[in-house]
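A.B. asks:
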Amino acid sequence: MKLLLVVKKIARSIFGFWWHIDWKSKIIDLLIVIIGITLAFRLNSWSESKKQNGLLKDYITSFDIENQSNIESLKNTLSYCEVQLSKIDTLKNIMRVGNYGDVRLRTLSPSLLNTISYSSSTITLENIKESGDFELIKDYKLRKKIITVYEYLNEVKEKEKVLNDYVRTITRPYFFEKIRYRDFYPVDDKGLIQDHRYENMIIGYGILIQRQIQAYQTTMSKLEDLDKGLDLSLAD
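In case it helps, UniProt numbering puts the sequence shown at residues 1 to 236.
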């Protein structure tokens, strides 16, 4: 009987304790904690997203500046190559009609010694690939354009080697033997201009530089297409 009274007394004390707790304020406190954690998480996510967007804009801006530079450089290279091709075409026409007394044979022949070199930059792509940030560019079409352009830039540099090797291994050794470099006067004038190797060199050089111009023009179209894509991305 005494035990039962003790149990009842303890039960009343427990229920009395719970009864006096302000549950409303406790629930509000709990909600505040939950909301605070949620807001902190979202704020952190927003901050990270803002940081990534800023980094992405920096990369796109860098791509845009680099692409503009590559376009201008290619314009200059194309202009140079077209002048070269014009000289070579003139030489071909002179040789075709057999006008060996034309003074332009002497003045234009040095163009056969000229190599070409398009100066392009791929620093931004290399940096973004090494940093692992390339995934920041979510626009699939823009990413594809960037990759395509840099593939063409590498390819066009490889194609340059064909013409430049032709000059180093064929035209320069030939002229070293046949020409006095001081005034570019033939050691054997008649032997030079009527030498089939001389005419073959002109034709070969013309074919190679024409192909190189076509490669440059294709690359230019890719650069200009990327330029439009980058402008749209920066405008967003």
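Ideal Cβ placement from N, Cα and C applies to all residues, glycine included.
Among the candidates A235, D227 and D236, whose CA atom is the shortest distance from the CA of I65?
C.D. replies: What you label residue 65 is simply residue 65 of the sequence shown in a count that begins at 1. For the residues A235, D227 and D236, the minimum Cα distance to I65 belongs to D227.
A.B. asks: Assess, as a yes-or-no matter, whether the region 68 to 78 is touched by the region 104 to 121 under the definition of 3 or more beta carbon pairs within less than 8 Å.
C.D. replies: Counting Cβ pairs under 8 Å, three or more are found: they touch.
A.B. asks: Quick one: residues in its chain with C-beta nearer than 8 Å to the C-beta of Y166, no 5 flanking neighbours on either side, listed in chain order?
C.D. replies: Against the sequence shown, residue 166 aligns to sequence position 166. Around Y166: G204, Y205 and L208.
A.B. asks: For Q212, which residues in the same chain have their Cβ closer than 7 Å to its Cβ, ignoring the five residues on either side in sequence?
C.D. replies: Here residue 212 corresponds to residue number 212 of the sequence shown, with the count starting at 1. These residues qualify, in order along the chain: C81, I116, K159, E160 and L163.
A.B. asks: Give me, in chain order, the residues of the same chain whose beta-carbon lies closer than 8 Å to that of I202; leave out the 5 immediate sequence neighbours on both sides.
C.D. replies: If you number the sequence shown from 1, residue 202 lands on position 202. Excluding sequence neighbours, I202 sits near I88, L91, K92, M95 and L112.
A.B. asks: Enumerated in chain order, which unbroken segments of the alpha helix (DSSP H) with a length of 4 residues or greater are wholly contained in the region 112 to 174?
C.D. replies: Fully enclosed alpha helix (DSSP H) runs of 4 or longer: 123 to 131 and 140 to 166.
A.B. asks: According to DSSP, simplified to helix, strand and coil, what is R96?
C.D. replies: One-based indexing of the sequence shown puts residue 96 at position 96. Helix, per DSSP.
A.B. asks: Tell me, to the nearest whole angstrom, how far the beta carbon of T124 is from that of F63; I am working on the premise that it is less than 8 Å.
C.D. replies: Translated into the one-based positions of the sequence shown, residue 124 becomes position 124. Translated into the one-based positions of the sequence shown, residue 63 becomes position 63. Between F63 and T124 the Cβ distance is about 5 Å, and since that is below 8 Å, they are a contact.
A.B. asks: How many angstroms separate the CA atom of L232 from the CA atom of H196?
C.D. replies: The residue labelled residue 232 in the question sits at position 232 within the sequence shown. The residue labelled residue 196 in the question sits at position 196 within the sequence shown. Approximately 55 Å, taken between the alpha carbons.
A.B. asks: Secondary structure at R211, three-state DSSP: helix, strand or coil?
C.D. replies: Position 211 of the sequence shown, counted from the start, is the residue given in the question as residue 211. If DSSP states are grouped into helix, strand and coil, R211 belongs with the helices.
A.B. asks: Please classify R180: does DSSP put it in a helix, a strand, or coil?
C.D. replies: Sequence index remark: in the sequence shown, residue 180 carries index 180 (1-based). Here R180 sits in strand by DSSP.
A.B. asks: Beta-carbon within less than 6 Å of L78's beta-carbon, same chain only, minus the 5 sequence neighbours each way: which residues are those?
C.D. replies: In the sequence shown, the residue the question calls residue 78 occupies position 78. Only Y216 meet the Cβ criterion.
A.B. asks: Could you give the DSSP three-state label for V83: helix, strand or coil?
C.D. replies: Position 83 of the sequence shown holds residue 83. If DSSP states are grouped into helix, strand and coil, V83 belongs with the helices.
A.B. asks: Can you tell me whether S131 is buried or exposed? The criterion is at least 16 other CB atoms within 10 Å of its CB, across all chains shown.
C.D. replies: Here residue 131 refers to the residue found at position 131 when the sequence shown is read from its first residue. Looking at its Cβ environment, which holds fewer than 16 other Cβ atoms inside 10 Å, S131 is exposed.
A.B. asks: Report all residues from its chain with a CB closer than 7 Å to the CB of L223; omit the five preceding and five following residues, and keep chain order.
C.D. replies: Within the sequence shown, the letter at position 223 stands for residue 223. Around L223: N67, N70, I71, L74 and V149.
A.B. asks: With DSSP collapsed to three states, give me the class of D102.
C.D. replies: Residue mapping note: residue 102 aligns to position 102 of the sequence shown, counting from 1. D102 falls in the coil class under three-state DSSP.
A.B. asks: Quick one: does Q84 have its CB under 7 Å from some CB of chain D?
C.D. replies: Here chain D cannot be found, since the structure has a single protein chain.
A.B. asks: Compare the Cα-Cα distances from V83 to each of N114, K138 and L234 and report the closest residue.
C.D. replies: Position 83 of the sequence shown holds residue 83. Ranking the options by Cα distance to V83, first place goes to N114.
A.B. asks: With C-beta atoms as the reference, is residue 240 less than 7 Å away from L136?
C.D. replies: For residue 240 there is no data in the structure shown, the boundaries of the chain being 1 and 236.
A.B. asks: Within the same chain, show all residues whose beta-carbon is closer than 6 Å to that of K157, passing over the 5 residues directly before and after it, in chain order.
C.D. replies: Stepping through the sequence shown from its first residue, residue 157 is reached at position 157. If we look at K157 and ignore the five residues flanking it on each side, it has no Cβ neighbours.
A.B. asks: Pull up the CB-CB distance for Q194 and Y100, whole angstroms please, since I reckon it's below 8 Å.
C.D. replies: By 1-based counting over the sequence shown, the position of residue 194 is 194. By 1-based counting over the sequence shown, the position of residue 100 is 100. Q194 to Y100, Cβ: 7 Å. Contact.
A.B. asks: Could you tell me the alpha carbon to alpha carbon distance between V97 and L108, rounded to whole angstroms?
C.D. replies: Numbered from 1 along the sequence shown, position 97 holds the residue referred to as residue 97. Numbered from 1 along the sequence shown, position 108 holds the residue referred to as residue 108. Roughly 16 Å separates the two Cα atoms.
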